[in-house]
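Taking it in order: structure first as structure tokens, then the write-up.
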Amino acid sequence: MSKKLQFGLWYSFRNPNQWSVNSTELYTKHIEQIIRCEKIGYNDVWLTEHHFCEDGHAPSILPLAAAVAVKTKTLQIGTGVLLLPQHNAVRVAEDCATIDILSGGRFELGVGIGYRPEEFTALGVDITKRAELIDEGLDVIKRLWSGDAVTYTGQHYQLDNTKLSPLPTKPHGPPLWVGGFAPAAPKRAARVAAGYIGTGEMVEQSKIYLDEWDRINLTERPRLAGGHFWLVASKNPNQTYKEIAPHVLYQIKVYNEWLSSAGQALFPEISDAHQLKELGILNCVSPQQACDLIGEYAEETGIERYYTWTVPPGYAVDKMNECLEIFAEQVIPHFQ
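Plus 674 on top of the position in the sequence shown (first one is 1) and you've got the numbering used here.
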């Protein structure tokens, strides 16, 4: 029997110059697709943040989450992830409470530490303080969501009898998640009793998270979300691969540029679209192969929430609908 999973969509709203369309059209098409996917059986949507990107990568995901909230009825709406050190945590607590209210309690806050120096510089944030900022920020958010008046003296936040209003729909607020690739991310997730969000090869990170959870001896149940970087179910996998590979190759090259400028690495250098298949980055497969790959991934990582990128940067949003429907009809039921 297959492990029961929830399935999610992952969006960045990118609009690369070589394939660019009108921004209003792009955003509208994405929201329409999200509404459509809710109706055919998807459980979650995750929105990811970066700033000052040439391709228009979504910089403002809380307004996007609010837009999704008022257009949907059942989807869980998560940030995967919001770069908390680049935000004021008090405002994040307020904004997320409002989104949670708009959605009827369907919002989830996933945060990350950030890594692109140019983002921190432009936003006036010292990148060397990002670990302190995310730790204090999470502490402040959790305290404000408790409903109590908060007096707090930290390195970066000072509050004097501050009480949040209105409060989120649930006691103690929306579910929290922490994402990231470095070992510090799953450890941080466990320390604050949050879920851990990963992607791609995350067996090691899952183990770090669960070991830290056990070490702290938390009474809550650990939560893991992740998935293949790209997994597309298609009735013609080879043709689908041929069509979307140039767009995924673009995406990987951009990530490699960003990460190398930050002194990090996630992917090997890739110059040819065929390498995406060889390295397991882009999986265009039959529905049965998708079931097999997801089952193996869930077994290896311990995830209970599976998500993968939804629309390749610059690829027509509507052209992904058929593959999303195939996935909903022939893959999702296998794990229900």
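For every residue, glycine included, the Cβ atom is placed at its ideal position computed from N, Cα and C.
Rounded to the nearest angstrom, the Cβ distance from S686 to A732 is 6 Å, consistent with a contact under 8 Å. Contact check for I787 against G854 passes: the beta carbons are separated by less than 9 Å. Straight through space, the alpha carbons of R895 and K881 are spaced by roughly 15 Å.
It is roughly 20 Å from the alpha-carbon of N891 to the alpha-carbon of D809. The DSSP assignment places complete beta strand (DSSP E) segments of no fewer than 3 residues inside the region 816-903 at 824-827, 832-836, 850-853, 869-871, 898-900, in order along the chain. In the same chain as S676, and ignoring 5 residues on each side of it, the C-beta atoms closer than 6 Å to its own belong to G969, H1008, F1009, in chain order. DSSP places Y915 in the helix class (H, G or I) of the three-state scheme. In chain order, K837 place their CB closer than 8 Å to the CB of D822, counting only its own chain and leaving out the 5 sequence neighbours on each side.
Boundaries of the beta strand (DSSP E) around V719: 718-721.
Counting only the Cα atoms, N912 lies some 15 Å from E996.
Nearest in C-alpha terms to Q962, of all of R765, H761, S908, I714, is S908. Non-local C-beta neighbours of I926 in its own chain, meaning closer than 8 Å and more than five positions away in sequence, comprise F941, I944, L950, I955, ordered along the chain.
Taken through DSSP and simplified to helix, strand or coil, R780 comes out as coil. In this structure, the beta-carbon distance from V866 to A859 does not fall below 9 Å.
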